[in-house]
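Numbering (our numbering), first residue to last: -2 to 296.
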């Protein structure tokens, strides 16, 4: 069973902590001179400082693990980009699914985050730069809690209807905004309304970004009802699926109420959850992404 990378990080942190504690315990006792059998205790004159150093070592180990994980995920994105500029579905190697949320942050984002955290579910957020200015606390929390943030333009612009210069501005302004709130450079992009063209792809290529579409559009932005949102996810669920949901852009109360049901139902079917980068790492996408038109529609 392939655990989610957060679990790996937690396990790695615990292992490191155990190792540090073992070393510390060994350091507290020393064998007496002459080879006697009873260890002699060594007094630690600064217990608080000693524990602080242990915590620092554990923290450094966790950061090192997180950095190596991010490097592996970025490598998976780069491998995918060598044969396709976009993905709508990952491979079927493992029973994993990615939940993605568009148009945030917004008033409903904290409730979405609360559910995800309570259920220990990773997710990917495609955020709008203009909204980050007003709801930046949610953006900062998304970053701090280890979720992934992708670029959804600065003001939810229909990319295919813009000039090349304006498309570039939409991408770069949002990249700068995301980084202002502590997120790394976004390697993923999702076009608002699903609208994009060859200029969009050329720009993404120049910035080493991958366009992420979706396998299942829940149409939750239409507020079809909680049951309808859940049904659309379950009807389209498959290993490697990318699910499109929304945490902002309108009344998202139905999405909030549907989310726990979606998580429970997918887990009952044996699915695990992953961020999009982790999904690509664990399940390399097929070469044929089955997108025939250069102009798409959607969220």
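The beta carbon of each residue, even a glycine, is placed where N, CA and C say it ideally should be. Here the structure is a predicted model, which means the values were calculated and not measured.
(request) Could you check the C-alpha separation between residue 243 and residue 99 for me, to the nearest Å? (result) Cα-Cα distance, rounded: 5 Å.
(message) For residue 171 and residue 134, which I take to be in contact (beta-carbon distance under 8 Å), what is that distance rounded to the nearest angstrom?
(response) At roughly 18 Å, the Cβ-Cβ gap does not stay under 8 Å, so residue 171 and residue 134 are not in contact.
(message) Which complete alpha helix (DSSP H) runs does the stretch 179 to 234 hold, if anything under 4 residues is left out?
(response) Counting only runs of 4 or more, we get 195 to 203 and 223 to 233.
(message) Which residues does DSSP list as the beta-bridge partners of residue 93?
(response) DSSP output for residue 93 lists 269 as bridge partner(s).
(request) Let me know if residue 280 comes out buried or exposed under the rule of 16 or more other beta-carbons within 10 Å of its beta-carbon. (result) Around the CB of residue 280, 16 or more other CB atoms lie within 10 Å, so the residue is classed as buried.
(message) Residues in the same chain with beta-carbon distance under 7 Å from residue 107, minus the five sequence neighbours each way, listed in chain order, please.
(response) For residue 107, same chain residues with a beta-carbon under 7 Å away, outside a window of 5 residues either side, are 135 in chain order.
(message) Can you check which of these residues, 224, 212, 247 and 219, is closest to residue 97 by C-alpha distance?
(response) Comparing Cα positions, the closest option is 212.
(request) Throw me the rounded Cβ distance for the residue 239 and residue 273 pair, which I believe falls under 8 Å. (result) Contact flag correct, Cβ pair sits at about 7 Å.
(request) Would you mind giving the Cβ-Cβ distance between residue 245 and residue 268, rounded to the nearest angstrom? I have them listed as a contact below 8 Å. (result) Actually they are not in contact, since the Cβ atoms of residue 245 and residue 268 sit about 25 Å apart, beyond 8 Å.
(message) Please classify residue 152 as buried or exposed, where buried requires at least 16 neighbouring CB atoms within 10 angstroms.
(response) Answer is exposed; the Cβ neighbour count stays below 16.
(request) Give every residue of the same chain whose Cβ lies closer than 6 Å to the Cβ of residue 254, excluding the five residues on either side of it in the sequence, and list them in chain order. (result) Here residue 254 has 223 as same chain residues with Cβ atoms under 6 Å from its own Cβ, once five neighbours each way along the sequence are excluded.
(request) Find the nearest neighbour of residue 220 within the set 208, 251 and 84, judged by alpha-carbon distance. (result) For residue 220, the closest of 208, 251 and 84 by C-alpha to C-alpha distance is 251.
(request) Over the uninterrupted alpha helix (DSSP H) stretch that includes residue 136, give me the two end residues. (result) Its alpha helix (DSSP H) spans residues 133 to 141.
(message) For the pair the stretch 157 to 165 and the stretch 114 to 129, tell me if three or more CB-CB distances fall below 8 Å.
(response) In short, these stretches do not touch, since the Cβ pair count stays below three.
(request) Return the first residue and the last residue of the alpha helix (DSSP H) that residue 174 is part of. (result) Boundaries of the alpha helix (DSSP H) harbouring residue 174: 161 to 177, taken from the DSSP string.
(message) Mapping the DSSP letters down to three states, classify residue 278 as helix, strand or coil.
(response) Helix.
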